[in-house]
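Just so we're aligned, residue 1 is where the sequence shown starts under UniProt numbering, counting upward by one.
No residue lacks a Cβ here, since even glycine has one placed at the ideal position from N, Cα and C.
Everything on this sheet refers to the single structure shown next.
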Amino acid sequence: MKYIDVVKGKWNKNIYYVENCIGQGSVGYVYKVVNKRGEKFALKSSEDLISLTKEYKMLNKFSYISAIPKAYELDDGYIQGKNIHFIIMEYIEGISLKKYLLNNISIKKTLSIILIITEIFQQIYDSGYIYWDIKLENILVDRINMSIRVIDFGGVSKIGQSIKEYTPTYNIHCWRDKPYYDDKSLIFSINMILISLLYNKEFNPLTNSIQDIIYKIKTSDFNDGIKKLLINGLIGDYNIEKYKYTVKKIIQKNMFSKSKYCSNWIDALYWGSIGMFIFFIIFTVKMYIFK
């Protein structure tokens, strides 16, 4: 195979052969690389040493969470003619949630994925940190192990500290003048992920408001339980545990169809029409026989 570059670590002296660029983030690029033994890795490069070092520390800090890729080394080197800093990480054979959902998966499966995502971010939150840069591109579906993986830990910070890396669509601070800073802010981001998946659309705080999204939810064909989940997640009525409980309840009760009231009204109209038709036939036959 022809490689586009070769990276040799300045300090650890390890050599990696670059196959191709597989992603671009706010602080650098991610490449698929192999070592001399043919083992695959992800190499994340950046000119921002502070940001990359922070991410390397966060990856190691939360290495006990299976959804987070393992980080093996932090070093300096050259790639594409530039002097860069890089992290060598576990390579995940997967696709982003954004691409995965082009498969038109069911609402039940979508909610199951959201439940898994919530539990992953809760583990980070319970450790005193919050993952701010939640977005579809940072959540991968591992096609080999069929699991959810989370990447890009440059946006993780201690609860209460300033935020450096985030995506406006999924960040409460871009939607509200007076945002909240506890786990409700995390649920807002996760809930926005769910909204994007259900509507196959990412909403922009520059052109939309929370009220615009709420109106869209209220006028949709989703079950009342799902509508309530989405709206309450937007306005801050859920902490992590309450959100998880509600999602589980919807999954267990199979609350995925149109609203119950709407369904009952349609059923009543349908069967009422059938009954009227049968009555009309019987009445006509009797009139014909006894005429």
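**Study point:** Boundaries (first-last residue) of the beta strand (DSSP E) holding L43
**Key:** K40 to S46
Review point. Thinking C-alpha only, which one of S106, D133 and K44 is nearest I251?
Key: S106
Review point. Which ranges would you report for the alpha helix (DSSP H) in the segment 103 to 172 if only whole runs of at least 4 residues count?
Key: 107 to 126
Practice item. Would you please state the rounded distance, in angstroms, between the beta carbons of S96 and L140? I believe it to be under 8 Å. Key: 6 Å
Check your understanding: Just the Cα atoms here: how many angstroms apart are N191 and L234?
Key -> 7 Å
Check your understanding: Alpha carbon to alpha carbon, how far is Y243 from D183?
Key -> 11 Å
Exercise for review: Would you kindly work out how many angstroms separate the C-alpha atoms of N254 and G155, rounded to a whole number?
Suggested key: 35 Å
Review point. Can you list, in chain order, the residues of its chain whose CB lies under 8 Å from that of I15, leaving out five sequence neighbours each side?
Key: V6, V7, K8, G9, N35 and K36
Check your understanding: Which one or two residues does DSSP pair with residue 311 in a beta bridge?
Key -> Here the chain comprises residues numbered 1 to 291, so residue 311 is not present and cannot be evaluated.
Check your understanding: Leaving out the 5 sequence neighbours to the left and right, which residues in its chain are closer than 6 Å to S189 when beta-carbon positions are compared?
Key -> I134 and Y170
Point to revise | Among S185, L52, Y91 and R149, the one whose alpha carbon lies nearest that of I22 | key: Y91
Review point. Given I144, which residues of its chain have a CB within under 7 Å of its CB, disregarding the five upstream and five downstream residues?
Key: E93
Review point. What are the residues that DSSP puts in a beta bridge with D76?
Key: H85
Practice item. For Y180, name the three-state secondary structure that DSSP assigns. Key: coil
Point to revise | Contact under 8 Å by Cβ, E137 with K109 | key: no
Review point. What do you get for M1, buried or exposed, if any count of 16 or more other CB atoms within 10 angstroms of its CB means buried?
Key: exposed
Point to revise | Local Cβ density within 10 Å of T219, reported as buried at 16 or more and exposed below that | key: exposed
Check your understanding: Just checking my contact of L229 with T207 at CB under 8 Å: how many whole Å lie between their CB atoms?
Key -> Contact doesn't hold; Cβ gap of about 24 Å is too wide.
Review point. Just reading off the alpha helix (DSSP H) that E93 is part of, what are its end residues?
Key: Neither: E93 is in no alpha helix (DSSP H) and is coded neither H nor E.
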